[in-house]
Structures are given as structure tokens and as C-alpha cells.
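What follows is a single structure, written as C-alpha cells, with notes after it.
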Amino acid sequence: MAATANAYAAYRSAEVEGLTQRDLLIKLYQGAERFLFQAQAAMRAKQSSDAHFGCVRAKAIFIELMSTLNFDLGGEVATQLRDLYVFLIATISEANLRKDPTKLESIMPVIATLRQGWEQVPDEFANTTALPAGEHRHSLDLRT
């Protein structure tokens with residue numbers, strides 16, 4: 548069992564290490580969307596622990612994204628992204644506390660817009676917008 552877990556961890560690590568910074572950001576946004584959709588479904592099904600799990604995972608992603616902001620290079624854009632991430636985290640927390648899926652619905656378009664924006668970044672700029680690979684302060688597991 549441990550060998551299988553170690554093999555999976557090595558596979559996931561290699562998969563992430565091969566991504567550009569842009570593609571890693573896109574993957575993080577996709578993960579947040581997936582966890583929030585799962586949390587919404589769990590809230591509607593009155594499955595509190597599953598709803599909580601999805602919200603906690605999505606919040607962890609936005610905390611990670613916030614930790615990668617480079618205020619020296621990003622200036623006002625980095626500040627605005629930080630403020631947006633704080634808003635998203637607060638909204639997810641409130642939705643989790645109240646088990647209110649409509650609160651999560653209200654932020655899904657914002658997250659989709661962020662993801663779509665990164666999807667439009669040309670390849671030549673894919674590695675110029677976040678901390679270099681290996682300099683992330685936290686490690687996230689994006690498995691469901």
C-alpha cells in the first residue's frame with residue numbers, strides 16, 4: 548500500500564514539475580472550481596463533512612495562490628489579486644459556516660474568469676508572472 552502511495556506521489560510531483568507557471572496556476576484554479584462544485588453538491592445533499600472538505604481544499608488553493616504573488620514585480624495587479632483572494636476565502640468560509648451553496652455559486656464566475664484569463668496568456672509569458680518553480684511556500688495535494 549505504501550509503495551502505491553509513494554508511486555502516486557512521485558507521479559503527481561513529476562506532473563506538476565513539468566508545468567509552466569501559467570499552467571500550474573490554471574490547474575490550481577481548476578482544482579478550486581472542482582472542490583467548490585463538490586462542496587455545492589454536498590451542501591445540497593446535506594452532507595456537511597463533504598461540503599466542509601471541499602471548502603477547506605478550495606480555501607487552501609487560494610491561500611497558496613496568495614502566497615505566490617510577487618508584489619515587487621506585480622505591483623497594483625498583485626495587490627488587487629491579493630484582495631480578490633481574501634474576498635474569495637471569506638466567501639468560501641461564510642458558505643461553509645452557513646452551508647449555503649448559493650454563496651459558492653456567486654463566486655464561481657469570478658474564479659472562471661481568472662482561469663480563463665490565464666488560459667489566454669501566450670506561451671512566451673507563461674513563466675514570468677509568479678514565483679519560480681520550487682519557490683512556493685506551501686505544498687498542495689489537488690487530489691479529490
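Quick note on my numbering: the sequence shown kicks off at 548 and runs consecutively. Ideal Cβ positions, reconstructed from N, Cα and C, are used throughout, including at glycine.
Rounded C-alpha distance that separates residue i from residue j
{"i": "T592", "j": "K606", "result": "Strictly speaking, residue 592 in this sequence is Ala, with Thr absent from that position. Distance between the alpha carbons of A592 and K606: 21 Å."}
{"i": "T567", "j": "W665", "result": "12 Å"}
{"i": "G565", "j": "K646", "result": "37 Å"}
{"i": "Q663", "j": "D570", "result": "11 Å"}
{"i": "V603", "j": "F672", "result": "31 Å"}
{"i": "V657", "j": "A589", "result": "21 Å"}
{"i": "T615", "j": "G621", "result": "11 Å"}
{"i": "D670", "j": "Q577", "result": "19 Å"}
Residues near residue i in its chain [Cβ-Cβ closer than 7 Å; skip 5 each side]
{"i": "Y632", "result": "F609, L612 and M613"}
{"i": "K650", "result": "T638, E641 and A642"}
{"i": "F600", "result": "none"}
Where the alpha helix (DSSP H) containing residue i begins and where it ends
{"i": "T660", "result": "P648 to E666"}
{"i": "E671", "result": "Where E671 is concerned, there is no enclosing alpha helix (DSSP H), given that its DSSP letter is neither H nor E."}
{"i": "Q568", "result": "Q568 to R591"}
Burial state of residue i, where buried means 16 or more other Cβ atoms lie within 10 Å
{"i": "A659", "result": "exposed"}
{"i": "L667", "result": "In the sequence under discussion, the amino acid at residue 667 is Gln, which differs from the Leu named in the question. Per the 10 Å Cβ criterion, exposed."}
{"i": "L644", "result": "exposed"}
Cβ neighbours of residue i in the same chain (closer than 6 Å, five flanking residues each side left out)
{"i": "I636", "result": "K606 and F609"}
{"i": "L583", "result": "A605 and L651"}
Three or more C-beta pairs below 8 Å linking the region 615 to 627 and the region 585 to 599
Three or more Cβ pairs closer than 8 Å define a contact, and the region 615 to 627 falls short of that threshold against the region 585 to 599.
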